[in-house]
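See below for the structure under consideration.
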Amino acid sequence: MQTEKQSISLTKKILQAISDASLIPFLAILTAVVLGGIIIYFVGGNPLLAYRGLLEGAFGSTKALSETAVWATPYIFAGLAVALAFKGGLFNIGAEGQLAVGAVFSALIGYALPEWLGFDLPTIIHLPLAILVGMLMGGLWAGIVGWLKAYTGGHEVINTIMMNYIALNTTSFLLNGIMKDRSPTNVIARTPLIAESARMPAIFDGLRVHWGFILALLVAFFIWWLLNKTTLGFEIRTVGLNPDAAQYAGINVKRTIILTMALSGMLAGLAGSIEVTGLNYRHELGFSIGYGYDAIAIALLGKSHPLGIVLAAFLFAAMRNGASRMQFLTQLPVDLISMIQALILLFVAADAIIRYIYRIKAKGERVVLTRGWGG
Amino acid sequence: MDWKRFGFIALIIIVLFSVVVMIGQAKQPPLLIVTSMLATTIAVATPLTLGALSGVFCERAGVVNIGIEGMMLTAAFFGWLGGIYMFHIFQLPPSVSIVLGVFFAILTGALMALLHAVLSITFKVDQIIGGTVINILAVGLTGFLNRQLFFGSTSVFEGSVPSSPGVLPTVHIPITELFASICNSSAACLQNVQAINRVFDQKPIAMGAILLVFLSHYILFNTRWGLRTRAVGEHPQAADTVGINVIFMRYANVLIGGMFAGLAGAYFTIESVPSFEPLLTNGRGFISLAAMIFGNWTPIGAWAASLVFGASQAMLINMQIFRDVIPPAWSFLQESYIVGLTPYILTMFILTGIIGRTTPPAADGIPYEK
Amino acid sequence: MKKLYFVMALLIVASMILSACGAGAPTAADCAKEEVFCVGLVTDVGKINDKSFNQSAWEGVQKSNTDGVADVVQFIETADAKDYAKNIAQFGDAGYDVIVTVGFGLGEATAAAGLTYPDVKFIGVDQFQAWQFTEDTADDSANVTGLGFPEDNAGFLVGALAAMMSESHKIGAVCGTDVVPPVWRFGEGYKAGAAYADGMNATTTEVFVVYHSDVGFDKTFTDPEWGAQTAKSMMDQGADAIFGCGGLTGNGAITAAAQAGKYAIGVDADQYLTLPEAAPRMLSSAMKLITPGVAELIAAAKDGSITAGNFTGTAGYAPYHDLDGEVSAEIKTAMEDINAGLLDGSIKTGVSPVKP
Amino acid sequence: MSEPKIVLEAKGVTKQFPGVLANDNVDFDLRKGEIHALLGENGAGKSTLMNLIYGLHHPDKGEIFVNGKHIAIHSPNDSIAAGIGMVHQHFMLIPVFTVAENVMLGDETTKRGSLDRVAVAAKINKISKQYGLDVDANALVGPLPVGIQQRVEIVKTLYRNAEIVILDEPTAVLTPQEAEDLFRIMRDLTARGVSIIFITHKLKEVLAVADRITVMRAGRVINTVKPSETDSAQLANMMVGRQVILTVNKKDHEAAEEILKVEGLSVRDQRDLETVHNVSFTVRGGEVLGIAGVQGNGQTELSEALTGLRSPTSGKVTIGGKDLTGKPPRIITEAGLAHIPEDRQRHGLVLSYTVADNMALCDYYQIPFSVRGVIQPKALDENSRKLISAYDVRTPSPFVNAGKLSGGNQQKVIVARELSRGNVKLVVANQPTRGLDVGSIEYIHSEIIKMRDRGVAVLLISAELDEIMALSDRIAVMYRGQIVAIVDSKKTTREQLGLWMAGAHVEPA
């Protein structure tokens, strides 16, 4: 009797301990998956087959794993971008646009620089340069929003959304005009292929997973270090948690806001550059949208912690990547994936629901991610 | 009223119109161009206006709503779907199905809003995150159902998209009749009357939106409901201490907001074009959000702002139509990618507060804790 | 209590995964076998039910199934350009006999897959497949066929028709972005056709062609609201025939025109059948016969008569349906002559394949 | 003589908040037409009791009777219906609404669906005549001076025909004269049969105005007495539970060279109104200059301008001879400023940071706390342990979040951080003891005096006249953004200062 009580209280303690870190996200995912399964069942699909397809497609073979990593790479960068902004009390809905800008400029450096210079560059210079420029342009793109926030109070949510549209139109403009691939067989809006010297090698022959993936992991670690171990990180977090106190403490709040936004943009820009230099070797005007939103979901799911983000990025990558196999086996629409992801996000955002379902007590105070329009 | 703001808005609209008139008069009488543009402006502004009203009600009560886009999209889908079901499954006459469709759209908007309310008021989820959830969910849900219901073996309609019951009819306002007598059958005059008539050749939701703008303004600033709504959005504690049920007021207004968004959704699939497409709202929800801020959280202001967006859209269309008479000096106006940026840049410009600070309700976005 | 819920949930998922791994594979399994003829389709980024080229192509595949040519048909929607190769591989690895890829975007991926899966026949809709004849891979084992269409001819036909039918001598076309070559060819062909008709009847017709290029790629084909507004403005300018070319954006224009009682002209398929709400005023459609084209090629692939390289499908104009009465005999004959002229090459549209 | 009947009675009221027992089996009664003062330090449970009576919170145990019958109060509606009105310490007014709108809110008069502002205005004017509370029904509340806003609050209660009015710390924001005026109004009300509960922690006022005094401490009622039967020492004793030194004892200061010099300083606030005009004064090493004045007379903007948070429109600020006009906070801090901000939770601390982090909030970027841009957790840790013991901050460990500490200890964290800095020449302390318990107040006062005696210049800004008089060597009075007088603290009186605070133009004595 006595011992049993103790054991219960013990497990309880353990549950509580885990719950803060990973239990809630885990349960959120679990619930969403179960719900998704029920939905599949009701639309006449076979949930087990569907999920089997997802798993096979994501992890079934080395090739599948490699593809999952390929998908995860931009997700990690973009997720970090949003998370960093969160830490600084800013909400960057504009990863989409910053990513596009980064991609365009990496591509430009990638294919055009040798022509301009009139000679080929060694990879050791060309590749880093291409990535760097893309990154910086992404940073600049977001930095504008940061500047507007700091000096005019224009709210970053609206401004990043607007900048998304501007980025989309501008890239369309460039890719249909001066940057268009003029080779006779091409008809669509895309840049020429970038020079060999600007391409990132694959890690293993025959698999598409490239060093950009390793870079993503390193950057994730770097961001963790930056946020928690450096004075800059201290400033970013302080401004994020209490801008007034930060100002009283002599931190240059305006500068920090701009810097945070710019850093966030640089990470998003990196996502774009890496896609270009590591995977597609050109920027193409895709129909697909949603990196920006997926990034938000990933940042929330990962609790804005770099490690959490890497894991969340893998989850989303696995789902996106497994989708092909799932379709092949079940002919279920891809939208299913977006829906399950939306559910996950829903449950993570409103963890109260999860806590209610699984009867878990809340612990610690809520963290405020964004403030209304106050600016 | 904030004359600086309205002056600025009027100025932009006038500029946009005069550009088109200057270029177009080579082909068309200015009157016709102006009325045609006015008509387009009003039509394009309709969903933006309704979306903005949705935002105004939510945020005046202290709940930030960036989920307008998602609410619109979902409502557009279910309104359309409802109409089709009524029409095909329940065999109701088209007219009835259409009207019911509108109700379904409004209901859907309200339900999405309920979700937002539960998240942001009861669970105190960060309201901007809550809105984002709504947006993402909307895309997934509508895309999935659209595929699942209208395609392939599983679909209710054997894989084909059935004909919708149609769209709301144009409201006839007897402008022509009124003026015809004055014209006493002078052809030119009648032509002008026709031109003017074009402005009023709008559909119920477009017309209704304008009425709703003024109604909302009256409700917000001259009725008990409005006073309490604003109180809850400005200083919930104060409202609480005089016995106003803050939670109830917030829920109610978010639901009202949802209904506006729902009506906006209905505009797309039941008034404008009787078909649904994934992502058909195309970010208009975000533009209406901008319009709301642009209009400083007042219905009339938001409407004026929506008209600006409408006008710039109308200009773009006409620039394409008059492509061959654009003088070389103005040829940049054909770069529609670039000219297409006008509304977005305009919005960012407004947000700088150069033409008067926009001041959100004091408690906007802050969950109420006793 | 809490623990109970937690464990329950765990069990559910566990059972799912476990049993899933045990479950047997469906239809696709047999495709490895010789006697089973399987056709797989990979869409471009976008939906299979896009009421546009993805859907038409899929209907072609289904047709081959109902015709008894193909035993198993499957499709995969591409969610992101980076998945092209992977999605094709799904079918390639499963031993499918024919893989249809839709849209120019997949051109290179298809060509590459052609080398990876030499025994599979590839059909690339809206793709220009010239690569086989470049030095390195010039051999008869080439197994990729591009299926293209002279959209300009179709546009030319309806352009001429619109010009001849218009009383105000003003006609319009509302299209998706001119970045996509087929759209461009439709739009410009429409102009050329109108001009040709003017030449015949000594009329001068004003043609408004508007491309929806002011928005991102993700929107240009899916903005019916914009299409409707644009069509309205054109009609304000006096246009009395509207050609909607460009997915749903175009459909918006067509519907608006029909509602205003003007002539509506559809695109791709005979939209009299796909756009019921516009049917009564549907004058004709600039047809690009993807569905029969695809079915035809699949059949050819089965009996081995298919040749690598580029195959040109048919483009034409749809019957007048309800408005048959309004179209005069002269116009009808004129249209037939033009069509014949285009087919035997005596009439040239003079439209460059891609926007210069 | 027979006591008037009891209109309000609370029996055995108990309320538990997470961590604190705010009301522990409290009994309280109010008689018709009396002013019953509820005395106690911050956190004694006065406001909680009132919130329970007013229906903002619900008691865990106990009952409330109005005019003898038990009533269940679920929301303010019930209490309002029962004729109870409350004027909260932080006014419950909506700045962007007019007086009329604020007053009618929740009890609106409408004509055919739309608000009948005219009728409401008429009723307000009637009330304000009747009780001599003149307010303009159509004025926007935001710009009104606090004194008037308070009247609006009182009108609000009367508008709802309240017969029991609760005033929560009403004099905190008033000049002695305004306070007098308020007391007059209170007496008028009681004369008309209104009963008043008067919550305060100021002994003098209680003795001046109350008919009965109930003292609360740590959630319990200590005693109820009549003013005639007690004195401030005894009351203080009941409040705090021990003997309190009501005056700070400090030795005369030897004025050293001047450290802070302010010349012709003018500052605009965020609404771009000039709230400080042409202010000049100096503070010498080893003296405390107190700035007296009612809140909102420019003290906030003045301190912001001195600490670099707001750049002045004109004028000059020099510290230790260095011109620091409009320099950013960090430069000024490095020049030797220590700043105890007005709002400790918003400006002084990051509540979700640990005590250790908060104690390095200003110096985190300097050796030893960070080396080449990398934070040194060890240094933070040592520093915090040192300060925690030196300034006896009551905290379980340096690693708990500052938000978890009591108000007094939070303030100690700030004081420790600011005063412990090596090079401090000038201390700007803005409302350093607001809302603290007597213990902490005494401690912080003594720390300020310690700094003074070490030859540091201290600028003390406070709305508490007693605090100013107790600590200051010289006193400057601020009114409408100007310094109307600077006097030696020994050569002036409360009344004199009160007059200046109210804007009366009397030549400095």
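Residue numbers (numbering that gives the first Met the number 0), protein chains in the order written: chain W, 0 to 374; chain S, 0 to 369; chain V, 0 to 355; chain U, 0 to 508. Don't be surprised by glycine CBs; every beta carbon is placed ideally from N, CA and C. Note that this is a predicted model, so its numbers are computed, not measured.
In the three-state DSSP reduction, residue 74 of chain V falls in the strand class (E or B). Boundaries for residue 127 of chain U: no beta strand (DSSP E) harbours it, while the alpha helix (DSSP H) harbouring it runs 116 to 130, taken from the DSSP string.
Between the alpha carbons of residue 174 of chain S and residue 182 of chain S lies a distance of about 12 Å. Distance between residue 282 of chain U and residue 495 of chain U, taken at the CA atoms: about 22 Å.
According to the DSSP assignment, residue 473 of chain U belongs to the beta strand (DSSP E) that extends over 473 to 478.
Ranked by Cα distance from residue 330 of chain U, the first of U:361, U:392, U:397 is U:361. For the region 124 to 153 of chain W, residues whose beta-carbon sits nearer than 7 Å to a beta-carbon of chain S comprise 147, 151, 152, 153.
Taking C-beta separations shorter than 6 Å and ignoring five residues to either side along the sequence, the partners of residue 104 of chain W in its chain run 132, 133, 136, following chain order. Contacts with chain V at 8 Å (Cβ-Cβ) do not include residue 58 of chain W.
Residue burial is scored here from C-beta neighbours: residue 199 of chain V has fewer than 16 other C-beta atoms within 10 angstroms and is therefore classed as exposed. The way I'd put it, the region 224 to 242 of chain V doesn't touch the region 289 to 302 of chain S; fewer than three beta-carbon pairs between them come closer than 8 Å. Closer than 8 Å to the CB of residue 223 of chain S there is at least one CB belonging to chain U.
In the three-state reduction of the DSSP assignment, residue 33 of chain U falls in the coil class. Interface flag for residue 230 of chain S against chain W is unset, since no Cβ pair is found closer than 8 Å.
For residue 57 of chain U, the closest Cβ of chain S is not nearer than 8 Å. For residue 40 of chain V, the closest C-alpha among the options V:340, V:293, V:314, V:336 is that of V:293. Within chain W, no residue has its CB atom less than 7 Å from the CB of residue 379 of chain U, the nearest being about 10 Å off. The criterion of a C-beta distance shorter than 8 Å is satisfied by residue 337 of chain U and residue 420 of chain U. Rounded to whole angstroms, the separation of the alpha carbons of residue 8 of chain S and residue 327 of chain W is 53 Å. Residue 67 of chain S is not a Cβ neighbour of residue 127 of chain S, given a cutoff of 8 Å. For residue 167 of chain U, no alpha helix (DSSP H) encloses it; the enclosing beta strand (DSSP E) starts and ends at 163 to 167. Beta-bridge analysis with DSSP links residue 100 of chain V to V:41, V:123.
Contact between residue 130 of chain W and residue 272 of chain W holds, since their C-beta atoms are separated by about 5 Å, short of 8 Å.
Within chain V, no residue has its CB atom less than 9 Å from the CB of residue 67 of chain W, the nearest being about 11 Å off. Taking a Cβ-Cβ cut-off of 9 Å, residue 339 of chain V has no neighbours in chain W, whose nearest Cβ is about 29 Å from it.
Annotation for residue 457 of chain U: the continuous beta strand (DSSP E) segment containing it runs 456 to 460.
The beta-carbon of residue 145 of chain U is placed no less than 8 Å from the nearest beta-carbon of chain W.
If you look at residue 93 of chain U, you'll find it isn't in any alpha helix (DSSP H); DSSP assigns it neither H nor E. Around the beta-carbon of residue 207 of chain U, fewer than 16 other beta-carbon atoms lie within 10 Å, marking it exposed. DSSP links residue 284 of chain V through a beta bridge to V:265. DSSP places residue 85 of chain U in the uninterrupted beta strand (DSSP E) bounded by 83 to 86. Under the 8 Å criterion on CB atoms, residue 335 of chain W is classed as non-interfacial with respect to chain V. The shortest CA-to-CA distance from residue 56 of chain V to any of V:234, V:174, V:171, V:145 is the one to V:145.
Chain V places no beta carbon closer than 8 Å to that of residue 191 of chain W, leaving this residue out of the contacts.
Judged by pairs of C-beta atoms under 8 Å, the region 210 to 220 of chain S touches the region 295 to 305 of chain S, as three or more such pairs exist.
For residue 244 of chain V, DSSP records a beta bridge to V:174.
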